[in-house]
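Below is one structure, written out as structure tokens; comments come after it.
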Amino acid sequence: MAKSEKISLKLLVDEKKNKVVLAEAGQDFVDVLFGLLTFPMGTIARLLEKHQKLPQILGCYKNLSRSVSDMAVDDFKTEACKSMLLSPKSSMEIHCRRLKLHIDDTQATMFYVCSKKHESDSSKYSNFYKSRCSCGSLMIYQIHVPEDEQVVDSLGNAEDVVFVSCRSSFILTDDLKVMLNSIDEIVKVLNGLGYPNINDLKEMLIDVGSEEVLSLLGNLFTSESALTSTFLMKQCMTTMLTLSPPPMFKTGRVEQGSGCHIKVFVGKLDRKILYAECSEDFIDSLLTFLVLPLESASSFFEDNTIIGCVKNLC
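Dropping the structure here:
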């Protein structure tokens, strides 16, 4: 993606409240927005950590990813296991690379076979170096896989289409509800938000680049007004945690499904978990959070969990 790439976006702004009321967008911006849902959570945490303005978002995911990085290769079943946790792949990667603004800097997927498959020209391959083949050998020989073989499902016929129709235009609310653009829909939404007269709003045209998309990605989790936070406040909302001095603790045992147990140490005063001791089964389950795409991960969030605009986008 060229850094100079920009996407135009029209905002309807309440100047008195300094708030985005509505946005009008084309297919290219909505494609970028929906593309964020396909990013693995580990990738999102890494991108936001690299973005200087967003160091504290998804802190637990960042710690989880850093823990994987600090662990030795011998702590994993294979070297490929560590690689796939540090650089999780999206099943929609090849489609997302066609987005006008693609902020994922993960290395393009490469494909490997073992020595036996390399000699026999077998169709079995892995997209992680040193994966273990079914024959027991390591997959270390890189091969070329045509792009059409990498695509499981076609998402459209036009080259510039990724997720939505190029014939459509869209409206977005400040909390990222996306709808097809029409006069009736605009009037309905504005009336519902308390703006019966569109003349009360100022029209603002902006150019969206990769920096703005990164900020918008962070605001998905931390703001109920993602467009305002991104384009008017020029910042990402963050939640600061204040840690009290550690109280005296007691121990307890919590079961996590069949055959998976953890031993937790809980503060007597605030009932917060201080730390836990667990088996590799629980760690395996925990580390899978890094490879889950945002859309799948959001389905595990409880309704009362504060996750900004993610639910609306899904």
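Sequential numbering of the sequence shown, starting at 1, is according to the working numbering. Ideal Cβ positions, reconstructed from N, Cα and C, are used throughout, including at glycine. Quantities reported herein were computed from a predicted structural model and do not represent experimental measurements.
Buried or exposed (CB count within 10 angstroms, at least 16 for buried), Gly194: Answer is exposed; the Cβ neighbour count stays below 16.
Rounded Cβ spacing between Leu47 and Leu217 (contact assumed at less than 8 Å): 7 Å
Test item: CB-CB of Cys96 and Asp104 under 8 Å: yes
Rounded straight-line distance, which links the Cα of Met71 to that of Lys82: 9 Å
Length of the line joining the Cα atoms of Val291 and Lys89: 7 Å
Three-way DSSP call (helix, strand, coil) for Arg132 in this model: strand
Same chain, Cβ closer than 6 Å to Leu11, neighbours up to 5 away in sequence not counted: Val20, Ala23 and Met204
Leu64, enclosing alpha helix (DSSP H) - first and last residue: Gly59 to Asp70
Thr230, enclosing beta strand (DSSP E) - first and last residue: Here Thr230 belongs to no beta strand (DSSP E); instead the alpha helix (DSSP H) covers Ala226 to Phe231.
Sheet register partners of Gly42 (DSSP bridge): Beta-bridge pairing links Gly42 to no other residue.
As assigned by DSSP and simplified to three states, the class of Ala80: helix
Which of helix, strand or coil DSSP assigns to Leu176: coil
Residue range of the alpha helix (DSSP H) that includes Leu190: Taken as a continuous stretch (DSSP letters only), the alpha helix (DSSP H) holding Leu190 covers Ile183 to Gly192.
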